[in-house]
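Take a look at the structure set out below.
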């Protein structure tokens with residue numbers, strides 16, 4: 020139907036090209052997606068299509084081409100500059116070039132120190148590089164700038180319960196995140212994992228089931244299975260893991276968790 024729209028001179032051809040790019044990208048047909056994104060002409064949809072084209076180039080292993088495309092992209096105002104930096108960091112992150120992504124975001128933060136988006140992304144890369152002090156500083160600054168940023172409380176709380184011995188402090192931050200966003204699957208997952216760490220298994224399973232019911236994410240499946248296993252519900256744990264592995268065979272977190280319990 021969308022292809023026919025283009026043939027029949029649809030009023031907003033670039034909008035259709037963008038949609039066709041998104042559809043192909045969603046189906047992991049990256050060559051085709053790139054073709055459509057690059058056909059979008061200068062105008063209302065050009066900026067977004069170029070951002071997406073650059074990220075898709077990264078998925079095709081053409082990281083430097085993607086970065087070059089972003090460098091050439093004209094921006095109007097700070098919001099668009101931030102989006103370009105985020106896209107560059109994303110394609111570097113997906114190529115596992117974490118140090119490069121960290122450097123790009125760090126340089127941008129010198130110029131735009133109050134950008135919530137950049138602070139959050141910088142914190143997430145810092146965690147990958149085991150720079151937990153940087154993560155904490157970024158997220159505390161973000162919380163100060165945006166006191167209702169549920170995901171900042173969640174990311175900091177989860178890191179404290181998962182990577183440090185500051186369990187009570189982490190749980191307090193997660194409670195704040197849940198108050199701000201009570202139905203968020205990732206925040207429910209964090210709280211479930213915190214309860215697991217605190218040895219409250221029934222509470223952990225409750226939160227993690229809620230999280231998994233809202234979003235069948237492989238990391239949530241890994242956590243839920245581990246909590247079920249610890250609570251003596253081993254068949255249920257296996258079912259959760261096996262079902263999720265069928266959907267997400269490439270998930271490192273899930274594979275690592277299942278291998279720990281399969282001996």
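Numbering (my numbering), first residue to last: 20 to 282.
Heads up, the beta-carbon is just placed ideally off N, CA and C, and yes, glycines get one too.
In its own chain, which residues sit with a C-beta less than 7 Å from the C-beta of residue i, not counting the 5 before and 5 after it?
{"i": "residue 109", "result": "74"}
{"i": "residue 106", "result": "70, 73, 74 and 89"}
{"i": "residue 123", "result": "104, 107, 108 and 111"}
{"i": "residue 164", "result": "133 and 135"}
Pick helix, strand or coil for residue i, following the three-state DSSP scheme.
{"i": "residue 280", "result": "coil"}
{"i": "residue 165", "result": "coil"}
{"i": "residue 79", "result": "coil"}
{"i": "residue 62", "result": "coil"}
{"i": "residue 262", "result": "helix"}
{"i": "residue 236", "result": "coil"}
{"i": "residue 269", "result": "coil"}
{"i": "residue 242", "result": "helix"}
{"i": "residue 47", "result": "coil"}
{"i": "residue 85", "result": "helix"}
{"i": "residue 133", "result": "coil"}
{"i": "residue 285", "result": "With the chain running from 20 to 282 in the structure shown, residue 285 is simply not present."}
{"i": "residue 92", "result": "coil"}
{"i": "residue 274", "result": "helix"}
{"i": "residue 217", "result": "coil"}
{"i": "residue 249", "result": "helix"}
{"i": "residue 315", "result": "Since the first and last residues shown for the chain are 20 and 282, residue 315 lies out of range."}
Considering only residues of the same chain and omitting the five flanking positions on each side of residue i, which have a CB-CB separation below 6 Å?
{"i": "residue 250", "result": "220 and 224"}
{"i": "residue 212", "result": "242"}
{"i": "residue 171", "result": "158, 161 and 162"}
To the nearest angstrom, how far is the alpha carbon of residue i from that of residue j?
{"i": "residue 33", "j": "residue 51", "result": "15 Å"}
{"i": "residue 146", "j": "residue 48", "result": "31 Å"}
{"i": "residue 125", "j": "residue 151", "result": "15 Å"}
{"i": "residue 185", "j": "residue 84", "result": "43 Å"}
{"i": "residue 198", "j": "residue 38", "result": "36 Å"}
{"i": "residue 92", "j": "residue 167", "result": "32 Å"}
{"i": "residue 156", "j": "residue 121", "result": "15 Å"}
{"i": "residue 40", "j": "residue 56", "result": "5 Å"}
{"i": "residue 79", "j": "residue 144", "result": "22 Å"}
{"i": "residue 101", "j": "residue 153", "result": "20 Å"}
{"i": "residue 94", "j": "residue 183", "result": "40 Å"}
Near residue i, which residues of its chain fall below 8 Å by C-beta distance, leaving aside the five closest residues on each side in sequence?
{"i": "residue 202", "result": "233"}
{"i": "residue 141", "result": "121, 124, 125, 128, 153 and 157"}
Query - alpha helix (DSSP H) runs wholly inside the stretch 142-210, at least 4 long, in chain order - result: Within the stretch 142-210, the alpha helix (DSSP H) runs of at least 4 residues that lie entirely inside it are, in chain order, 151-164, 169-182 and 186-199.
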